[in-house]
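Asker: Residue numbers (full-length UniProt numbering): 1 to 210.
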């Protein structure tokens with residue numbers, strides 16, 4: 001069991017790192033939104049954090065999957081022991097914690113997307129273009145920013161600044177949605193696993209009627 005507990009500590013450490021990185025992402029989001037045209041250093045730091053989170057999350061998922069498979073093998077051999085119960089409890093606890101952190105990350109990304117979208121809408125209003133939420137969503141999904149900006153006259157410094165910020169926020173949303181897609185399948189997979197574990201625990205704890 002010593003090797004197993006070493007694995008548990010490693011996974012726990014990775015999950016703690018994920019949690020810290022998610023908090024750092026929130027700070028970077030705020031810094032980027034505070035500046036009409038964020039500097040490249042800040043944007044690169046956010047990209048590096050996003051890459052680190054993806055790498056660490058995949059590592060945690062892989063290790064949790066390996067533990068899950070070893071538990072299934074033990075159960076397949078009809079082995080029931082205190083060690084197996086400990087493995088299952090630790091795996092369930094770590095999986096839940098992992099999903100909690102990734103749920104927070106997903107919420108952070110969604111909030112950032114909404115805030116970027118709000119900034120685009122406000123900057124479009126400055127240029128004299130009024131858009132509905134549905135129109136803006138269609139533009140973001142198609143990636144065709146030019147639909148709204150091509151015929152805007154560059155007649156003032158304010159208009160130029162507004163267009164620059166629109167482009168900046170749009171680029172942030174493109175990168176953000178790529179990140180969300182990359183982690184989506186893994187997130188759903190782990191969330192379903194935790195849900196099935198919870199249902200099984202509730203079933204085991206429900207008193208049987210005599």
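In this text, a Cβ means the ideal position worked out from N, Cα and C, and glycines have one as well.
1) Using only the alpha-carbon positions, how far apart do residue 175 and residue 51 sit?
2) In whole angstroms, what separates the C-alpha of residue 74 from that of residue 66?
3) In chain order, which continuous runs of the beta strand (DSSP E) of length 3 or greater are located wholly inside the segment 104-128?
4) Can you tell me whether DSSP reads residue 35 as helix, strand or coil?
5) Mind reading off the beta-carbon distance from residue 32 to residue 43? Whole number of angstroms is fine, and I expect it under 8 Å.
6) Between residue 99 and chain D, is any beta-carbon pair separated by less than 8 Å?
7) When DSSP labels each residue in this structure, what does residue 130 get in the three-state scheme?
8) Figure out for me which residue from 19, 81 and 13 has the closest Cα to the Cα of residue 107.
9) Compare the beta carbon distance of residue 37 and residue 125 with 8 Å and say whether it is the shorter of the two.
10) Can you tell me whether residue 189 is buried or exposed, with buried defined as 16 or more other CB within 10 angstroms of its CB?
11) Report buried or exposed for residue 172, applying the criterion of at least 16 other Cβ atoms within 10 angstroms of its Cβ.
12) My assumption, with CB atoms under 8 Å, is that residue 8 sits in contact with residue 94. Please give the rounded CB distance.
13) Have a look at residue 141 and residue 187 and give me their C-alpha separation to the nearest angstrom.
Answerer: Taking the coordinates as given:
1) Locating residue 175 in the chain shown gives position 175, counting from the first residue. Locating residue 51 in the chain shown gives position 51, counting from the first residue. Between residue 175 and residue 51, the C-alpha separation is close to 11 Å.
2) Numbered from its first residue, the chain shown carries residue 74 at position 74. Numbered from its first residue, the chain shown carries residue 66 at position 66. One C-alpha to the other measures close to 13 Å.
3) none
4) As a first step, residue 35 must be located in the chain shown, where it is residue number 35. Coil.
5) Here residue 32 is taken as the residue at index 32 of the chain shown, counted from 1. Here residue 43 is taken as the residue at index 43 of the chain shown, counted from 1. That belief holds up - the Cβ atoms of residue 32 and residue 43 are roughly 7 Å apart, short of 8 Å.
6) You won't find chain D in this structure, because it holds only one protein chain.
7) Taking the chain shown and counting its residues from 1, the one referred to as residue 130 is at position 130. Shown here, residue 130 sits in coil according to DSSP, grouped into three states, outside any helix or strand.
8) Sequence index remark: in the chain shown, residue 107 carries index 107 (1-based). Per the Cα distances, 19.
9) Here the question's residue 37 lines up with position 37 in the chain shown. Here the question's residue 125 lines up with position 125 in the chain shown. With respect to the 8 Å criterion, residue 37 and residue 125 are not classified as neighbours on the basis of their beta carbons.
10) One-based indexing of the chain shown puts residue 189 at position 189. Looking at its Cβ environment, which holds fewer than 16 other Cβ atoms inside 10 Å, residue 189 is exposed.
11) Here residue 172 refers to the residue found at position 172 of the chain shown. Sixteen is the threshold: when 16 or more other Cβ atoms of the shown chains lie within 10 Å of the Cβ of residue 172, as they do, the residue is buried.
12) Within the chain shown, residue 8 is the residue found at index 8, counting from 1. Within the chain shown, residue 94 is the residue found at index 94, counting from 1. About 7 Å separates the two Cβ atoms, so the contact holds.
13) As a first step, residue 141 is located in the chain shown; it is residue number 141 there, counting from the start. As a first step, residue 187 is located in the chain shown; it is residue number 187 there, counting from the start. Their backbone Cα atoms lie some 22 Å apart in a straight line.
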